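In terms of the UniProt record's numbering, the numbers along the sequence shown are unbroken and rise by one, the last being 263. Heads up, the beta-carbon is just placed ideally off N, CA and C, and yes, glycines get one too. From a predicted model like this one, the values you see are computed outputs, not experimental measurements. Okay, structure first, notes after.
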Amino acid sequence: MCLVCTVWSSSLWTSNIWAVNAWAETLTLSVGEYPPFDSPDLPHQGLVPRIVTEAFRLEGIDVEYTFMPWPRAYAESNEGRVNGTVQWLYSEQRAQEHYYSDPIMEESYVWFHLKRNSFDWQTFDDLKGLSVGARQGFTYSAEFYQAEDSGELDVSMVSSNQQNLDMLFNDRIDVFIEQLDVGYFGILQHYYGKGSQQFTHHPKPIFTKQNHLLLSRQHEESPYYLEKFNKGLKRLKASGELQQYINESRWLVPANTQLLPHK
1 MCLVCTVWSS SLWTSNIWAV NAWAETLTLS VGEYPPFDSP DLPHQGLVPR IVTEAFRLEG
61 IDVEYTFMPW PRAYAESNEG RVNGTVQWLY SEQRAQEHYY SDPIMEESYV WFHLKRNSFD
121 WQTFDDLKGL SVGARQGFTY SAEFYQAEDS GELDVSMVSS NQQNLDMLFN DRIDVFIEQL
181 DVGYFGILQH YYGKGSQQFT HHPKPIFTKQ NHLLLSRQHE ESPYYLEKFN KGLKRLKASG
241 ELQQYINESR WLVPANTQLL PHK
């Protein structure tokens, strides 16, 4: 091999390596508090950060998380101040501003209510006359928003799960919409030993949707990291580890509870 060819080949290899390494191999993702899915106080910072971290780790990439209110978490990613944000349901507006990953996992949303105020429902029309709680900055179904806009649902928007629980417990609302695991985690967190047994949920889901990692379109390297994440996520699912993480998360309890073992 000629010396010129060797130098040229070596130079090309070096430049390619530099091009890859020019992009940080530690990503920063914004996220809000949503235990047991997301919380700096939980092992692995919650279920979803655990999944995202492990999927990227399988592809040789590290991840750091910055916790903040959900609207700000999205804005930080949308404006390019972080690499991306987790975890979000699909919306057309967000898809214009971010790259969506393959689905991470499903989230099931239900009506929470007090056991003494049982009810049944098949359509939103069945909830006429009930006061409904929901959370600001969250994506619900198109049918939910249509029912709210048409007046079928009388909706009060709040910023936290605890506010909905407090309003329900004090009869200021009749039902509220929440993700199943998140709702019960909040009940244990805020009402363990103070009336947690009074809460329940309706068995018919309002909707079930898949959540995603979003990577900002403000960063040119986002498609590269999206491909890496999707590869790692596929490996996690194939190995059974992702389902293992989900199962383990359902045994998590808030730090302020001391649950008795099952007998």
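So the alpha helix (DSSP H) M157 belongs to, where does it begin and stop? In the DSSP annotation of this structure, M157 is not part of any alpha helix (DSSP H); the continuous beta strand (DSSP E) holding it starts and ends at D154 to V158.
Determine the closest residue to I173 out of N117, E64 and Y109, with distance taken between C-alpha atoms. The shortest Cα separation from I173 among N117, E64 and Y109 belongs to N117.
Of all the options N230, L242 and R250, which has the alpha carbon lying nearest to the alpha carbon of Y100? When N230, L242 and R250 are compared, the shortest CA-CA separation from Y100 is found for N230.
Quick check for students: name the residue ranges of the alpha helix (DSSP H) that lie wholly in the region 27-114, counting only runs of 4 or more. Within the region 27-114, the complete alpha helix (DSSP H) runs of at least 4 residues are 47-57, 70-78 and 92-97.
At a cut of 8 angstroms, does the region 136-150 reach the region 219-229 through at least three beta carbon pairs? Touching, no, given that fewer than three Cβ pairs across the two stretches are closer than 8 angstroms.
Using C-beta distances below 6 angstroms, list every residue in its chain close to P40, excluding the 5 sequence neighbours before and after it, in chain order. Short of 6 angstroms from the beta carbon of P40, and not among the five residues preceding or following it, lie these beta carbons of its own chain, in chain order: F67.
What are the residues that DSSP puts in a beta bridge with L188? None; L188 has no bridge partner.
Quick check on I246: does DSSP put it in helix, strand or coil? I246 falls in the helix class under three-state DSSP.
Given F37, which residues of its chain have a CB within under 6 angstroms of its CB, disregarding the five upstream and five downstream residues? Once the five neighbours on either side are set aside, the close Cβ partners of F37 are G46, L47 and V48.
Nearest-angstrom Cα separation, counted from N211 out to A55: In a straight line, the C-alpha of A55 is about 15 angstroms away from that of N211.
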